[in-house]
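Enquirer:
2 protein chains.
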Amino acid sequence: MTNRDTALTFAKGLDVLACFETGRGDLTMADIARLTGLDRATARRLCLTLESSGYLYRHGKMLRLTPKILAVGGGYLTAQHIGRLIQPTLNQFAEELNGEIALAVRDGARAIYIARSAVASARLSLGFSVGSTLPLLPTAIGRMLLASCTPKDRDQILNTCEWTRFTAATDMDRASIRTKIEDAATQGFSYVINEFEMGAAGVAVPIAPISGAETVLATSASANSLARPDQMDHVLDVLRRAAMRLRD
Amino acid sequence: MTNRDTALTFAKGLDVLACFETGRGDLTMADIARLTGLDRATARRLCLTLESSGYLYRHGKMLRLTPKILAVGGGYLTAQHIGRLIQPTLNQFAEELNGEIALAVRDGARAIYIARSAVASARLSLGFSVGSTLPLLPTAIGRMLLASCTPKDRDQILNTCEWTRFTAATDMDRASIRTKIEDAATQGFSYVINEFEMGAAGVAVPIAPISGAETVLATSASANSLARPDQMDHVLDVLRRAAMRLRD
DNA sequence: TCAAATATGTGCGATAATCGCACGCTACTA
DNA sequence: TAGTAGCGTGCGATTATCGCACATATTTGA
Numbered sequence: 172m173t174n175r176d177t178a179l180t181f182a183k184g185l186d187v188l189a190c191f192e193t194g195r196g197d198l199t200m201a202d203i204a205r206l207t208g209l210d211r212a213t214a215r216r217l218c219l220t221l222e223s224s225g226y227l228y229r230h231g232k233m234l235r236l237t238p239k240i241l242a243v244g245g246g247y248l249t250a251q252h253i254g255r256l257i258q259p260t261l262n263q264f265a266e267e268l269n270g271e272i273a274l275a276v277r278d279g280a281r282a283i284y285i286a287r288s289a290v291a292s293a294r295l296s297l298g299f300s301v302g303s304t305l306p307l308l309p310t311a312i313g314r315m316l317l318a319s320c321t322p323k324d325r326d327q328i329l330n331t332c333e334w335t336r337f338t339a340a341t342d343m344d345r346a347s348i349r350t351k352i353e354d355a356a357t358q359g360f361s362y363v364i365n366e367f368e369m370g371a372a373g374v375a376v377p378i379a380p381i382s383g384a385e386t387v388l389a390t391s392a393s394a395n396s397l398a399r400p401d402q403m404d405h406v407l408d409v410l411r412r413a414a415m416r417l418r419d
Numbered sequence: 172m173t174n175r176d177t178a179l180t181f182a183k184g185l186d187v188l189a190c191f192e193t194g195r196g197d198l199t200m201a202d203i204a205r206l207t208g209l210d211r212a213t214a215r216r217l218c219l220t221l222e223s224s225g226y227l228y229r230h231g232k233m234l235r236l237t238p239k240i241l242a243v244g245g246g247y248l249t250a251q252h253i254g255r256l257i258q259p260t261l262n263q264f265a266e267e268l269n270g271e272i273a274l275a276v277r278d279g280a281r282a283i284y285i286a287r288s289a290v291a292s293a294r295l296s297l298g299f300s301v302g303s304t305l306p307l308l309p310t311a312i313g314r315m316l317l318a319s320c321t322p323k324d325r326d327q328i329l330n331t332c333e334w335t336r337f338t339a340a341t342d343m344d345r346a347s348i349r350t351k352i353e354d355a356a357t358q359g360f361s362y363v364i365n366e367f368e369m370g371a372a373g374v375a376v377p378i379a380p381i382s383g384a385e386t387v388l389a390t391s392a393s394a395n396s397l398a399r400p401d402q403m404d405h406v407l408d409v410l411r412r413a414a415m416r417l418r419d
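Chains A and B, in that order, give the protein sequences. Just so we're aligned: 299 in our numbering is position 128 of the first sequence, and the numbers increase by one with no gaps anywhere. Just so we're aligned: 366 in our numbering is position 195 of the second sequence, and the numbers increase by one with no gaps anywhere.
1) Quick check on the DSSP output: what are the complete beta strand (DSSP E) runs of length 3 or more inside the region 334-368 of chain B, in order along the chain?
2) Return no unless some Cβ of chain B is closer than 9 Å to the Cβ of residue 186(A).
3) If you follow the alpha helix (DSSP H) that residue 230(B) is part of, which residue opens it and which one closes it?
4) Just list the residues that DSSP pairs residue 200(A) with in beta bridges.
5) Considering only C-alpha positions, which residue in the set 403(B), 318(B) and 225(B) is nearest to residue 357(B)?
6) Exposed or buried, which one is residue 248(A) when buried takes at least 16 other CB atoms within 10 Å?
7) Going by other Cβ atoms of all chains shown within 10 Å of its Cβ, with 16 needed for buried, is residue 399(B) buried or exposed?
8) Output yes if chain B places a C-beta closer than 9 Å to the C-beta of residue 322(A); else output no.
9) Determine which residues share a DSSP beta bridge with residue 391(A) and list them.
10) Report yes or no: is there a C-beta of chain A within less than 9 Å of the C-beta of residue 377(B)?
11) Would DSSP call residue 385(A) helix, strand or coil?
12) Checking 9 Å against the spacing of the C-beta atoms, do residue 338(B) and residue 365(B) come in under that value?
13) Out of curiosity, what's the CA-to-CA distance linking residue 352(B) and residue 284(A)?
14) Where does residue 380(A) sit, in a helix, a strand or coil, going by DSSP?
15) Return the residues of the region 335-365 of chain B that lie within a Cβ-Cβ distance of less than 7 Å from chain A, sorted by chain order.
16) With a threshold of 16 other CB atoms inside 10 Å of the CB of residue 258(A), please say whether the residue is buried or exposed.
17) Check whether the Cβ atoms of residue 361(B) and residue 415(B) sit closer than 9 Å, and answer yes or no.
18) Taking 8 Å as the cut-off, is the beta-carbon of residue 333(A) closer than that to any non-hydrogen atom of the ligand FMN?
19) Could you give the DSSP three-state label for residue 304(B): helix, strand or coil?
20) Determine whether the beta carbon atoms of residue 184(A) and residue 242(B) lie at a separation below 9 Å.
21) Please tell me whether residue 311(A) and residue 363(A) are closer than 9 Å, where the distance is taken between their beta carbons.
22) Who are the Cβ neighbours of residue 260(A) in its own chain at under 7 Å, not counting the five residues just before and after it?
23) Measure the alpha-carbon distance for residue 306(B) versus residue 327(B) and round it to whole angstroms.
24) Return helix, strand or coil for residue 314(B), following the three-state DSSP convention.
25) Between the beta-carbon of residue 225(B) and the beta-carbon of residue 302(A), is there less than 9 Å?
26) Which residues, in chain order, does the region 191-213 of chain A contribute to contact with chain B at a C-beta distance below 9 Å?
27) Closer than 9 Å between beta carbons: that is the criterion. Which residues of the region 244-259 of chain B meet it against chain A?
28) Check distances from the C-beta atoms of the region 232-243 of chain A to those of chain B and list, in chain order, the residues that come in under 9 Å.
29) Secondary structure at residue 322(A), three-state DSSP: helix, strand or coil?
30) Please state whether the Cβ-Cβ distance between residue 254(A) and residue 367(B) is less than 9 Å.
31) Between residue 316(B) and chain A, is the shortest Cβ-Cβ distance under 9 Å, so that the two count as touching?
32) What residues in its chain sit with their C-beta under 8 Å from that of residue 348(B), if we drop five residues either side in the sequence?
33) Residue 410(B) by DSSP, collapsed to three states: which one?
34) Taking the alpha helix (DSSP H) that residue 182(A) belongs to, which residues open and close that run?
35) Helix, strand or coil for residue 214(A) per DSSP?
36) Residues in its own chain within less than 7 Å of residue 229(A) by CB, not counting five upstream and five downstream?
In structure tokens, the structure reads:
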């Protein structure tokens, strides 16, 4: 399969790098060969290349990322002015909301956090941070992202992506999800409760795309803190004003 | 130049990716060819590969990163338990300090921020965020990192790295820098003022290496807020207790 | 307005890098 | 002691890659 416009070896190497995406920590070369489907010898060469370029660190037979990859991620963050413009805005509105606000974009069939508010008080529920990923189907962020997609992308994702049950409340019905996404599109926000994590609820509103990728602003909180309509109204009001501000 | 243990094409591709590290935003293919020293046609193929793998986005003739790279960086952060363990600790001590605390590691001849405290009040001076890089020579973080190196690495860096003047106060004398680094090693902290940015001062203390890379905990503040000895003592006390806590 | 400079697109043949198998080795464990 | 899992490596065939050379579009500037 010869393609004159892309470098096959490089693409395979990127697949190796992608093995270390969120979640997986230490991997052996054999793990990587299995995950990528590459020949073990090929995987080995690519791993050694990553090591000698400074992206991987060997600890016995285990491989793990070095912080060097963060420098590239930092390039994205500064290029998009996340630190300089977006972060302060998130902080300000998060304070007003007395909760946390995050910015997420769609990458294929998942969402990626690209910024989150710094709240002093917050005992961060989980280790979600910049670069963490979320599934699209059972989250407010994901559904708002899907609502902001082109219909073509949306259909493609709904038809091909993985359906995972996270809690007893996770909606596993395709038609129902589709309706909820359409509702989000018409209402201008999405609200999901208990479908990703029991006891947690999320609200998301759209903002203008960043570098071509759909983007949303979202908050999450314990399920009951969003139960009353007036609380919900307040959250939506703050999110929408923050979204307004972020429109350049 | 045939090397049986590394994939040349992949290494070149990684060089292309590294062009987008902190600072540079949009690049043309010709820019990349120049920066990497690759043939233009080769650079083009590698860029197209990055694009089709979803790491680059084309905007006319400009190329920029997509957030996908953040997912890999997120892999590093979660693997090192940054979000779950380190971040809350930073936040807590930053509050006590009423300032900001950052964690940085050495990557070659530069420092990379891998975490920073989230304090709502903090009017973040500049867009420094996770993944931002710093030079080693004129910063407290950098000198403490050099003090924590093996002598071999330290000499190698001091002899080969770039010497840049950032302010009128930047120390450009090799022997003097070397003395300051040795002092930092014996005192167990480094303190630098005005050498990187006029009006700014930094303090750094060492902590145990993370995945083999030297690591420091640091704070920065306006120059005069660290002038009084008792203020300095307080800062050092907080940083050291935070460092103690971070030792697993 | 024309020329120079800069950028991207692409065809192709020679070369050299990559591939993947196959074999040998170590370490752990049941 | 056999079985499993992982790493290292040599080598020949294949084929992906390289880089030149030419063509075209766009911007700059005199």
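Backbone N, C-alpha and C define an ideal beta-carbon position, used for all residues, glycine too. None of these values were measured; they are calculated from a predicted model.
Expert: Reading it off the structure:
1) Fully enclosed beta strand (DSSP E) runs of no fewer than 3 residues occupy 361-364 of the region 334-368 of chain B, in order along the chain.
2) To locate residue 186(A), count along the first sequence from 1; it is residue 15. Chain B, which has a Cβ nearer than 9 Å to the Cβ of residue 186(A), makes this yes.
3) Counted from its first residue, the second sequence places residue 230(B) at position 59. Careful: residue 230(B) lies outside any alpha helix (DSSP H), inside the beta strand (DSSP E) at 227-230.
4) Against the first sequence, residue 200(A) aligns to sequence position 29. Paired residue(s): none; residue 200(A) is not in a bridge.
5) On the second sequence, position 186 is the one that residue 357(B) refers to. Measuring from the Cα of residue 357(B), the nearest candidate turns out to be 318(B).
6) Against the first sequence, residue 248(A) aligns to sequence position 77. Residue environment: residue 248(A) is assigned as buried (16 or more neighbouring CB atoms within 10 Å of its CB, all protein chains considered).
7) Counted from its first residue, the second sequence places residue 399(B) at position 228. Residue 399(B) should be labelled exposed.
8) Numbered from its first residue, the first sequence carries residue 322(A) at position 151. Chain B, which has no Cβ nearer than 9 Å to the Cβ of residue 322(A), makes this no.
9) Sequence index remark: in the first sequence, residue 391(A) carries index 220 (1-based). According to DSSP, which records beta bridges pairwise, residue 391(A) is partnered with 271(A) and 373(A).
10) One-based indexing of the second sequence puts residue 377(B) at position 206. Chain A contact via Cβ: absent.
11) For the purposes of this step, residue 385(A) is taken as residue 214 along the first sequence, with counting starting at 1. Reduced to three states, the DSSP call for residue 385(A) is strand.
12) Walking along the second sequence from the start, residue 338(B) turns up at place 167. Walking along the second sequence from the start, residue 365(B) turns up at place 194. Yes.
13) Taking the first residue of the second sequence as 1, we reach residue 352(B) at position 181. Taking the first residue of the first sequence as 1, we reach residue 284(A) at position 113. About 38 Å.
14) In the first sequence, counting from the first residue as 1, residue 380(A) sits at position 209. It is a strand residue.
15) Identification of residues in the region 335-365 of chain B having a C-beta nearer than 7 Å to some C-beta of chain A yields an empty set.
16) Your numbering for residue 258(A) matches position 87 in the first sequence. Under this definition residue 258(A) is a buried residue.
17) Against the second sequence, residue 361(B) aligns to sequence position 190. Against the second sequence, residue 415(B) aligns to sequence position 244. No, Cβ-Cβ distance for residue 361(B) and residue 415(B) is not below 9 Å.
18) In the structure shown, the ligand FMN is absent, as is every other ligand, since no ligand is present at all.
19) In the second sequence, residue 304(B) corresponds to position 133, counting from 1. Residue state, collapsed to three classes: strand.
20) Your numbering for residue 184(A) matches position 13 in the first sequence. Your numbering for residue 242(B) matches position 71 in the second sequence. Not in contact: residue 184(A) and residue 242(B) (Cβ atoms no closer than 9 Å).
21) Taking the first residue of the first sequence as position 1, residue 311(A) is located at position 140. Taking the first residue of the first sequence as position 1, residue 363(A) is located at position 192. By the CB criterion at 9 Å, residue 311(A) and residue 363(A) fall inside the cutoff.
22) As a working note, residue 260(A) is residue 89 in the first sequence. Around residue 260(A): 413, 416 and 417.
23) Locating residue 306(B) in the second sequence gives position 135, where the first residue counts as 1. Locating residue 327(B) in the second sequence gives position 156, where the first residue counts as 1. Taking the straight line joining both Cα atoms gives about 15 Å.
24) The residue labelled residue 314(B) in the question sits at position 143 within the second sequence. Residue 314(B) falls in the helix class under three-state DSSP.
25) Taking the first residue of the second sequence as position 1, residue 225(B) is located at position 54. Taking the first residue of the first sequence as position 1, residue 302(A) is located at position 131. No, the pair does not count as a contact, with Cβ atoms beyond the cut-off.
26) Contact residues of the region 191-213 of chain A toward chain B are 191, 192, 193, 194, 195, 196, 197 and 213 (C-beta to C-beta distance below 9 Å).
27) Near chain A, meaning a CB-to-CB distance below 9 Å, the residues of the region 244-259 of chain B are 244, 245, 246, 247, 248, 249, 250, 251, 252, 253, 254, 255, 256, 258 and 259.
28) Along the region 232-243 of chain A, the positions whose C-beta sits under 9 Å from a C-beta of chain B are 235, 236, 237, 238, 239, 240, 241, 242 and 243, read in chain order.
29) The residue labelled residue 322(A) in the question sits at position 151 within the first sequence. Note: residue 322(A) maps to helix in three-state DSSP.
30) Locating residue 254(A) in the first sequence gives position 83, where the first residue counts as 1. Locating residue 367(B) in the second sequence gives position 196, where the first residue counts as 1. No. Outside cutoff.
31) Here residue 316(B) refers to the residue found at position 145 of the second sequence. With 9 Å as the cut-off, residue 316(B) does not count as an interface residue toward chain A.
32) As a first step, residue 348(B) must be located in the second sequence, where it is residue number 177. Taken in chain order, the residues that qualify are 308, 314, 329 and 342.
33) On the second sequence, residue 410(B) is found 239 positions in, with the first residue counted as 1. Helix, per DSSP.
34) In the first sequence, counting from the first residue as 1, residue 182(A) sits at position 11. First-last of the alpha helix (DSSP H) with residue 182(A): 179-189.
35) In the first sequence, residue 214(A) corresponds to position 43, counting from 1. Helix at residue 214(A).
36) Working through the first sequence from its first residue, we reach residue 229(A) at position 58. Answer for residue 229(A): 222, listed in chain order.
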